[in-house]
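Asks:
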Amino acid sequence: MEQTDLRARTPTPAVRPVTPQQRRARAARNGGEPTLEFADRVPYDAYVHASTLHTLQQPLSSDPGEMSFLMVSQIMELYFGLTCHELRQARHDLRADRVWEALAPLRRAALHLEGLNAAWRGLRWMTPADFNRFRNLLGEGSGFQSAMYRQLEFLLGLRDPALIRPFRRQSQVYDELRAALAVPSLWDEVVALLGRHGHDLPAELLDRDVAVEHLPHPRVEAAWLAVYDDDGPDNHLRQLGEALVEVAEQFGDWRWNHVKAVQRTMGAKVGSGGSAGLAWLQRSMSRVVFPELWSARTAM
23 MEQTDLRART PTPAVRPVTP QQRRARAARN GGEPTLEFAD RVPYDAYVHA
73 STLHTLQQPL SSDPGEMSFL MVSQIMELYF GLTCHELRQA RHDLRADRVW
123 EALAPLRRAA LHLEGLNAAW RGLRWMTPAD FNRFRNLLGE GSGFQSAMYR
173 QLEFLLGLRD PALIRPFRRQ SQVYDELRAA LAVPSLWDEV VALLGRHGHD
223 LPAELLDRDV AVEHLPHPRV EAAWLAVYDD DGPDNHLRQL GEALVEVAEQ
273 FGDWRWNHVK AVQRTMGAKV GSGGSAGLAW LQRSMSRVVF PELWSARTAM
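As numbered in our numbering, residues 23 to 322 make up the sequence shown, in order.
(1) Let me make sure I understand the geometry here. Which of 81, 153, 213 has the alpha-carbon closest to that of residue 237?
(2) When you compare only the Cα positions, how much space is there between residue 146 and residue 315?
(3) Specify the secondary structure class of residue 320 as computed by DSSP and reduced to three states.
(4) Buried or exposed: which applies to residue 66, given that a residue is buried once 16 or more other Cβ atoms fall within 10 Å of its Cβ?
(5) Measure the C-alpha to C-alpha separation of residue 93 and residue 141 and round it to an integer number of angstroms.
(6) Rounded to whole angstroms, what's the CA-CA distance from residue 277 to residue 264? Just pull it up for me.
(7) Rounded C-beta distance between residue 203 and residue 176? I'm assuming under 8 angstroms.
(8) Under the three-state reduction of DSSP, which class applies to residue 148: helix, strand or coil?
(9) Please go through the same chain and pick out, in chain order, the residues whose beta-carbon is closer than 7 angstroms to the beta-carbon of residue 81, but skip the five residues on each side of it.
(10) With C-beta atoms as the reference, is residue 159 less than 7 angstroms away from residue 95?
(11) Any idea what DSSP makes of residue 125, helix, strand or coil?
(12) Buried or exposed: which applies to residue 318, given that a residue is buried once 16 or more other Cβ atoms fall within 10 Å of its Cβ?
(13) With DSSP as the reference, label residue 287 as helix, strand or coil.
(14) For residue 254, count neighbouring C-beta atoms within 10 Å of its own C-beta (all shown protein chains included) and say buried if the count is 16 or more, exposed if not.
(15) DSSP three-state call for residue 162: helix, strand or coil?
(16) Does DSSP classify residue 58 as helix, strand or coil?
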């Protein structure tokens with residue numbers, strides 16, 4: 023699981039596209055019917071690893087509703103990882119001044135976050151009584167402890183080094199989170215890009231400690247005002263701003279949906295991980311993703 027930019031990966035065989043001629047040849051060979059016999063593994067399972075995925079649900083109780091809770095949680099983890107993948111690509115493109123290229127992964131990231139939000143619907147049936155039937159078996163397990171969610175927050179610029187402490191005894195995960203804090207966030211790269219494109223940003227903002235959270239700065243807001251003042255179709259920075267707004271909005275929706283799900287299933291009880299539960303989530307929403315993109319709208 024990749025946690026930092028452009029880390030060495032194990033090479034994977036290239037997948038060759040099937041040409042129209044090959045597709046027609048296969049259809050002719052089978053008389054238009056699907057292939058039903060294979061010498062080895064079914065190709066779909068070899069690619070998707072579905073048979074492995076469906077062994078990863080191991081409920082702790084006999085309550086039938088727990089499977090929904092467990093699987094939706096796993097689906098969300100996959101979406102966290104997928105969104106991180108896209109945001110890392112966008113960050114890499116922006117660092118190289120490839121603004122047009124960064125738009126595609128940002129737009130995909132927003133769509134993945136939309137899918138992440140839809141996953142909450144699978145838990146809307148759950149009442150406090152439903153949750154209580156297996157909640158005590160979770161012990162101190164909590165979504166607060168999701169390392170991939172922390173990766174997502176760090177990429178978006180929401181950075182609190184204290185939040186990696188729960189992972190100290192998982193050395194690989196801990197090292198990956200520390201590495202994520204050591205490199206600029208997506209928003210840091212956006213701010214640096216604005217500076218390279220002639221916007222007047224102070225050196226202390228561009229050279230700050232990236233391990234701590236970015237604080238809103240009036241010069242960044244002024245830069246975005248200047249960007250949005252140009253409504254030409256080729257204004258790539260304005261298109262970048264809109265793609266980032268969509269990502270931030272979808273992420274904000276996920277946080278709000280999380281608050282509503284907690285209210286529905288456990289009210290204001292203390293979280294299983296020891297946090298203040300609902301109160302903690304409500305406070306966390308005050309930390310705004312890409313803050314100057316939002317504040318600039320007041321002066322537009």
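The C-beta atom is built at its ideal place from N, Cα and C for all residues, glycine as well. Being a predicted model, the structure only gives us computed values, none of them experimental.
Replies: Concretely, from the data shown:
(1) Among 81, 153, 213, the Cα nearest to that of residue 237 is on 213.
(2) Those two C-alpha atoms are separated by around 32 angstroms.
(3) In the three-state scheme derived from DSSP, where H, G and I count as helix and E and B as strand, residue 320 is classed as helix.
(4) Residue 66 comes out exposed.
(5) Rounded to the nearest angstrom, the two C-alpha atoms are 10 angstroms apart.
(6) Each residue's alpha carbon lies about 20 angstroms from the other.
(7) Right, their Cβ atoms sit about 6 angstroms apart.
(8) Three-state DSSP puts residue 148 in coil, outside helix and strand.
(9) Contacts found: 88, 89, 92.
(10) It is not a contact, given that the beta carbons lie outside the stated cut-off.
(11) In this structure, residue 125 counts as helix in the three-state DSSP scheme.
(12) With a threshold of 16 other beta carbon atoms within 10 Å, residue 318 meets it and is buried.
(13) Helix at residue 287.
(14) Exposure of residue 254 is indicated by the presence of fewer than 16 other C-beta atoms within 10 angstroms of its C-beta.
(15) Three-state result, residue 162: coil.
(16) Note: residue 58 maps to coil in three-state DSSP.
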